[in-house]
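Enquirer: This structure is in structure tokens; I'll ask about it shortly.
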Amino acid sequence: MLDDFFVRALLAGIGLALTTGPLGCLVVWRRMAYFGDTMAHSALLGVALSLFFEVNLLLSVFAVAVGVSLLLLLLQRRQALSADSLLGILSHSTLAIGLVLVAFMTSVRIDLIAFLFGDILAVTPADILLIWLGGAFVLICLVFLWQPLIASTVSHDLAEAEGQNPDRARLLFMLLMALVIAIAMKIVGIMLITALLIIPAATARRYSASPEAMAVLSSVLGAIAVIGGLFGSLYGDTPSGPSIVVAALVLFILSLLPVAGKGLASSTPMTGDRR
Amino acid sequence: MLMQPQAREGTLVSIANGGILRQGRWLVRGVDLTIARGEIVTLIGPNGAGKSTTAKLAIGVLKPDEGTVVRSAGLSVGYVPQKLSIDRTMPLSVERLMQLTGRLKAGKLMASLEAVGIPHLLKAEVQHLSGGEFQRALLARAMARDPDLLVLDEPVQGVDFAGETALYELIGSIRQTTGCGILMISHDLHMVMAGTDTVVCLNGHVCCRGTPAVVSQSDDYRRLFGNIGRGLAVYNHNHDHTHLPDGRVQHGDGSITDHCHPGDGHHHAEGHDHDHGHDHAHEDHAHDHDHHHAHPHRAGEAHRHA
């Protein structure tokens, strides 16, 4: 029943979800959701530039995302506009410039929809390798950056005073974000990457007693959303990327239900009583 | 380091002529400050005087735009910032908060929580703590690290009166037992005068400094704190620990001035009108009693400059 392409899609999606879990938690804690969105939208400019200059797509998207985040940091320092206005400007103008550039290049025809909403069913074995290797790299980096990132999430000044080097940690974190966005573009597409970062993390919040637990649970919930969404798209003949996001949303709504929360909370003492 | 005139034995931090410039304004300028091992230095001054800025300068969070800051090699710092906001989406227990910048031994962790009086909150989420409990947790966290230098920016804000006294005693005893240096920012003049080795009075620059006894006699101090400071000798039940010197300054024109002579954003305790503005001056104070000596003057001034 399971075709080969479907297994590939599952492997790719799960690999990505495991990576976006901890990263998404940091995005949520640091209130960077819109920042992530802006980086993701700039990916289309990366796509256009990669076609224009005939350079590697992944590299181009990564470079543009990094460039946009550095530009944002620079503009924020000048404090002429609020952060969210700057994000709005950068987010939509990079997307628009990307679209305009693509229209200029009459010689190439690209599947815009695939970039905007992803095409997980078309992943190749090489893509899967990239996702898992890249994902492992990102997770290993996060392990090493975890303490300074958590400390600076609580207080930048405190982290700085106590020798955590929060500015370096933030810069590396942004590079990791750019890398994940470049990798994830093919799976869920530019428009939906942020959803995969934020929704599983928000779902995990209620059931987590520590930042570390929340990071792991986000990965698990993201993987469940990928599996649920892909099966849903198989049986319902729906687009796969959006189906994954819808599945993640369903999990989130379930986590909001009072019954679900109480059930989980009371299950711990109950198992303690029976022995 | 070699050239630092203040760099004597046991000096943890020394600031020489330190200044921070932001958007064409000097937040502080010409600050000279040293903190030695075993010394408690307290910064006092009105809002916007640059107390937190000076503390951040001392620990390297801010880099000086003028002057130099020298810290002893390998200096470890425990910092209680004035403000911090933790997003509600972050699950953070007190136990985890305590180990934010490094692991602690379980015994050390509990001992610190017991010292600040909140051992029962070990597993509590920090978002559920009251303001005072959170301050205690932050203080416990900073001291549990056994730092060379403790930097406490209004460490007892939001703490109840009894707890406040106990925490100040605790801070004094930390210095006794560990020999660390302490840089503290406080609005509680009474506590400052009781438990500090050196008081530095800031108002964009260092107005005056010295032992509490010397500072409380100085003219600059009188100008900044007026009758409140003098009143300390008379009453010693000072509830109002956060806003004492501020009312006047808010009503004055500039919160930062280079000079502190009368009429320049600070006011003498003379020529006031005792009859006006009582409630007005105190409307946002949590405890508006027990200021018999001090507040008629303050209130009068507030009215005068409103």
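Each protein sequence line maps, in turn, to chains F and X.
Counting in the working numbering, the first sequence runs from -8 upward without gaps.
Counting in the working numbering, the second sequence runs from 582 upward without gaps.
We put the CB at the ideal spot given by N, CA and C, even for glycine.
Could you tell me how far apart the beta carbons of Leu678/X and Asp646/X are, in whole angstroms, since I believe they sit closer than 8 Å?
Expert: In fact, because the Cβ distance is near 33 Å, the residues do not count as touching under 8 Å.
Enquirer: With DSSP run on the structure shown, which of helix, strand or coil describes Leu9/F?
Expert: helix
Enquirer: Count the other C-beta atoms from every protein chain shown that fall within 10 angstroms of the C-beta of Val171/F, then say buried if there are 16 or more, exposed otherwise.
Expert: buried
Enquirer: Quickly, what does DSSP pair Trp137/F with across the bridge? List them, please.
Expert: Under the DSSP definition of a beta bridge, Trp137/F lacks any partner.
Enquirer: Check the Cβ-Cβ distances between Met671/X and every residue of chain F, and say whether any is below 7 Å.
Expert: yes
Enquirer: Of the choices Leu703/X, Arg790/X, Thr592/X, Ala747/X, whose alpha-carbon is the least far from that of Ala654/X?
Expert: Thr592/X
Enquirer: Is it right to say Gly844/X is buried, meaning 16 or more other beta carbons lie within 10 angstroms of its own, or is it exposed?
Expert: Any reading at Gly844/X needs caution, since the residue's pLDDT is 35, under 50, leaving its predicted position unreliable; the model's value is listed next. The residue in question, Gly844/X, is exposed, as its Cβ has fewer than 16 Cβ neighbours within 10 Å.
Enquirer: With a CB to CB cut of under 8 Å and the five nearest residues on each side skipped, what residues in its chain are close to Ala636/X?
Expert: Leu624, Val732, Asp734, Leu764, Ile766
Enquirer: If contacts are defined as beta-carbon pairs under 8 Å, then Leu710/X and Ala718/X qualify, I think. What distance do you get, rounded to the angstrom?
Expert: 6 Å
Enquirer: In or out: Asn598/X buried (at least 16 other Cβ within 10 Å) or exposed?
Expert: exposed
Enquirer: Between the beta-carbon of Thr185/F and the beta-carbon of Gly27/F, is there less than 7 Å?
Expert: yes
Enquirer: Give me the residue from Leu77/F, Leu208/F, Val55/F with the minimum Cα distance to Leu65/F.
Expert: Leu77/F
Enquirer: Per DSSP, what kind of secondary structure is Gly846/X in: helix, strand or coil?
Expert: Residue confidence for Gly846/X is low, a pLDDT of 35 falling below 50, so the modelled location carries little weight and cannot support an answer.
Enquirer: Are there 16 or more other CB atoms within 10 angstroms of the CB of Lys686/X, so buried, or fewer, so exposed?
Expert: With fewer than 16 other Cβ atoms within 10 Å, it is exposed.
Enquirer: Within a Cβ cutoff of 7 Å, which residues of the same chain sit near Asp801/X, ignoring the five residues on either side of it in sequence?
Expert: Cys782, Cys788, Cys789, Cys841
Enquirer: Alpha carbon to alpha carbon, how far is Ala39/F from Ala113/F?
Expert: 20 Å
Enquirer: Would you mind telling me which residues of chain F sit closer than 9 Å to Thr635/X, beta carbon to beta carbon, in chain order?
Expert: What Thr635/X touches in chain F: nothing, since even the nearest Cβ is about 13 Å away.
Enquirer: Distance check for Gln138/F and Ala74/F, CA to CA, integer angstroms please.
Expert: Approximately 26 Å, taken between the alpha carbons.
Enquirer: Do Val55/F and Gly37/F count as a contact pair if the criterion is CB distance below 7 Å?
Expert: yes
Enquirer: Pop quiz: Glu151/F and Val642/X are said to be a contact at Cβ under 8 Å. What is the actual Cβ separation, rounded to whole angstroms?
Expert: 5 Å
Enquirer: How about Pro728/X and Val661/X: do their beta carbons lie closer than 7 Å?
Expert: no
Enquirer: Output needed in chain order: residues of the stretch 23 to 52 of chain F with a Cβ under 9 Å from some Cβ in chain X.
Expert: none
Enquirer: In chain order, what are the residue ranges of uninterrupted alpha helix (DSSP H) at least 4 long that sit wholly in the stretch 158 to 197 of chain F?
Expert: 184 to 196
Enquirer: In whole angstroms, give me the CA-to-CA distance for Gly220/F and Ser231/F.
Expert: So the alpha carbons of these two residues sit roughly 7 Å apart.
Enquirer: Given 6 Å as the limit, tell me if Val650/X has its C-beta closer than that to any heavy atom belonging to the ligand FMN.
Expert: The ligand FMN is not among the ligands present in this structure, which contains no ligands whatsoever.
Enquirer: Going along chain F, which residues have a C-beta under 8 Å from Asp668/X?
Expert: Chain-ordered, the chain F residues with CB closer than 8 Å to the CB of Asp668/X read Val19, Trp20, Arg21, Arg22, Thr144.
Enquirer: Please list the segments of the alpha helix (DSSP H) lying wholly inside the stretch -4 to 72 of chain F, counting only runs of 4 or more residues, in order along the chain.
Expert: Unbroken alpha helix (DSSP H) runs of no fewer than 4 residues, entirely contained in the stretch -4 to 72 of chain F, are found at 24 to 44, 48 to 69, following chain order.
Enquirer: So what's Cys761/X in DSSP terms, helix, strand or just coil?
Expert: coil
Enquirer: Residues of chain X with CB closer than 9 Å to the CB of Asp(-5)/F, please, in chain order.
Expert: Correct list: empty, because the minimum Cβ distance to chain X is about 39 Å.
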